[in-house]
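These notes concern the structure reproduced below.
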Amino acid sequence: MTIDISIVTDVIKAMARVISENKEYLTQLDSAIGDADHGINMDRGMQAVASKLPALSDKDIGTLLKTVGMTLVSTVGGAAGPLYGTAFMRAGQAASGKDELNEEDVLAALEAALKGIKDRGKAVAGEKTMIDSIEPAVKAYSDALKSGIGLAESLNRAKDAASEGMEYTKNIIATKGRASYLGERSMGHQDPGATSACLMLVAAARVVSTI
Amino acid sequence: MVGLAIVSHSSKLAEGLYELTNQLSRGKIKIATAGGMSDGSIGTDAVSIAAAVRKAEDGDGVLIIADLGSAILSSDMAMELLDEEQKGRIVIADAPFVEGGVAAAVEASLGSDLERVKEAAQAAKGLRKL
């Protein structure tokens, strides 16, 4: 199974939609342990991304993803801008020049995105960040591929792992980002970045499962 | 001369520090700002930071003075958007915004190199006010 630019565009649109639908929720999570702007920032960024999609329909997938990244970098405003921006730009580099992505290409893009976030944020799993939902998702996807499972079902498993990882952030004391100022008081709160990452992975899995 | 790129979540904060540093360095050095988002909201934007760095560059390097949180992440990201050749002459100061910016501006206006300008900014961390 492969996905072409129109599917990838649908995935990005679905991500923009789910962020918009959860704008208040993300901001609410962020008001507990951050500066209450994650939903607003992400929605501003993803709306800017959505408005650029029509002009990118004749480009390759790498160019599309790099443009998504650059747009996020210049429109999100908070730390999520450079983090998600780097993720999409690195995924775009991994998919450079490609008009279709197969299972392995998607893995390469996911791995590049995760590495980009870790490089940029100098963070690792277990610090109550978006990495806590993305890293288990990438691992679940990779494990599924290794056992011969196809693209759609592998993405499904990735999204389930992201969701578990997101839930787990409630049990972590933040050591990175704004929430780290709260120390132990960050316990019990779900991380907004892990949540937005999970929502976007869920949206991606849903689009791919319907083709 | 070493230039300064002032990075803040707020355009007003960035403009304010520009005023101060420009007066103290008596217009001898290039100072550029990247404050807030292009739509006027609070935030930092790596693309506009990269533009500010290019504007402040005179050949002797640029010190980035950033406020807090994502200003550092965005500045880091901005480095990636610059030419390979220019990257080596750009440094982010681990310094307080106002005191560090002022110290850097004065040091740069004396014709010091990038390393000394950075040290002057970072030494402002230990400044006592009382």
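Line by line, the protein sequences give chains R and U.
Numbering-wise (this note's numbering), the first sequence opens with residue 9 and increments by one.
Numbering-wise (this note's numbering), the second sequence opens with residue 2 and increments by one.
Cβ coordinates follow ideal geometry from the N, Cα and C atoms, glycine included.
Tell me residue i's beta-bridge partners as DSSP assigns them.
{"i": "D12 (chain R)", "result": "R:E108"}
{"i": "V92 (chain U)", "result": "U:L64"}
{"i": "I7 (chain U)", "result": "U:T34, U:I66"}
What whole-angstrom Cβ distance do residue i and residue j have, given they're in contact under 8 Å?
{"i": "F7 (chain R)", "j": "V114 (chain R)", "result": "Because chain R spans 9 through 219 in this model, residue 7 (chain R) falls outside it and cannot be assessed."}
{"i": "A145 (chain R)", "j": "A166 (chain R)", "result": "4 Å"}
{"i": "A133 (chain R)", "j": "E143 (chain R)", "result": "5 Å"}
{"i": "E108 (chain U)", "j": "V118 (chain U)", "result": "5 Å"}
{"i": "Q198 (chain R)", "j": "L37 (chain R)", "result": "6 Å"}
{"i": "A169 (chain R)", "j": "K147 (chain R)", "result": "7 Å"}
{"i": "T71 (chain R)", "j": "L64 (chain R)", "result": "7 Å"}
{"i": "D5 (chain R)", "j": "A202 (chain R)", "result": "A question about residue 5 (chain R) goes unanswered here, because the residues of chain R that appear run from 9 up to 219."}
{"i": "D18 (chain R)", "j": "V215 (chain R)", "result": "5 Å"}
{"i": "T183 (chain R)", "j": "E135 (chain R)", "result": "5 Å"}
Output yes or no for whether 8 Å exceeds the beta carbon distance between residue i and residue j.
{"i": "G53 (chain R)", "j": "L80 (chain R)", "result": "yes"}
{"i": "D77 (chain U)", "j": "I91 (chain U)", "result": "no"}
{"i": "T22 (chain U)", "j": "G102 (chain U)", "result": "yes"}
{"i": "S150 (chain R)", "j": "M50 (chain R)", "result": "no"}
{"i": "G105 (chain R)", "j": "T137 (chain R)", "result": "no"}
{"i": "I219 (chain R)", "j": "I27 (chain R)", "result": "no"}
{"i": "I181 (chain R)", "j": "S171 (chain R)", "result": "no"}
{"i": "S110 (chain U)", "j": "R55 (chain U)", "result": "no"}
{"i": "A211 (chain R)", "j": "M23 (chain R)", "result": "yes"}
{"i": "V3 (chain U)", "j": "G62 (chain U)", "result": "yes"}
{"i": "L122 (chain R)", "j": "I69 (chain R)", "result": "no"}
{"i": "A33 (chain U)", "j": "A72 (chain U)", "result": "no"}
{"i": "E32 (chain R)", "j": "G42 (chain R)", "result": "no"}
{"i": "G36 (chain U)", "j": "E16 (chain U)", "result": "yes"}
{"i": "A96 (chain U)", "j": "I66 (chain U)", "result": "yes"}
{"i": "E111 (chain R)", "j": "L190 (chain R)", "result": "no"}
{"i": "L64 (chain U)", "j": "A122 (chain U)", "result": "yes"}
{"i": "L163 (chain R)", "j": "G129 (chain R)", "result": "no"}
{"i": "A99 (chain R)", "j": "A120 (chain R)", "result": "yes"}
{"i": "A79 (chain U)", "j": "A106 (chain U)", "result": "no"}
{"i": "I20 (chain R)", "j": "V57 (chain R)", "result": "yes"}
{"i": "S9 (chain U)", "j": "D68 (chain U)", "result": "yes"}
Exercise. Within the segment 152 to 178 of chain R, note down every full alpha helix (DSSP H) run reaching 4 residues or more, in order along the chain.
Key: 159 to 176
Quiz item: Relative to chain R, which residues along the segment 47 to 58 of chain U have a C-beta separation below 8 Å, given in chain order?
Solution: A47, V48, S49
Exercise. For the segment 49 to 80 of chain R, enumerate the residues whose C-beta is nearer than 9 Å to any C-beta of chain U, in chain order.
Key: N49, R52, M78
Exercise. Scan the segment 85 to 96 of chain R for residues whose Cβ lies nearer than 9 Å to a Cβ of chain U and list them as they occur along the chain.
Key: G85, G86, A87, A88, G89, P90, L91, G93, T94
Exercise. For the segment 45 to 77 of chain R, list the beta strand (DSSP E) runs that are entirely contained and at least 3 residues long, ordered along the chain.
Key: none
Exercise. Could you run through the segment 62 to 77 of chain U and flag, in chain order, every residue whose CB is less than 8 Å away from some CB of chain R?
Key: G70, S71, L74, S75, D77
Self-check item: Sequence ranges, alpha helix (DSSP H) only - wholly within the segment 75 to 130 of chain U, length at least 4
Solution: 85 to 88, 98 to 110, 115 to 124
Quiz item: Whole alpha helix (DSSP H) runs in the segment 78 to 152 of chain R with 4 or more residues, listed along the chain?
Solution: 88 to 102, 111 to 129
Exercise. With 8 Å as the limit, tell me which residues of the segment 116 to 150 of chain R have their beta carbon closer than that to any beta carbon of chain U; keep them in chain order.
Key: R128, G129
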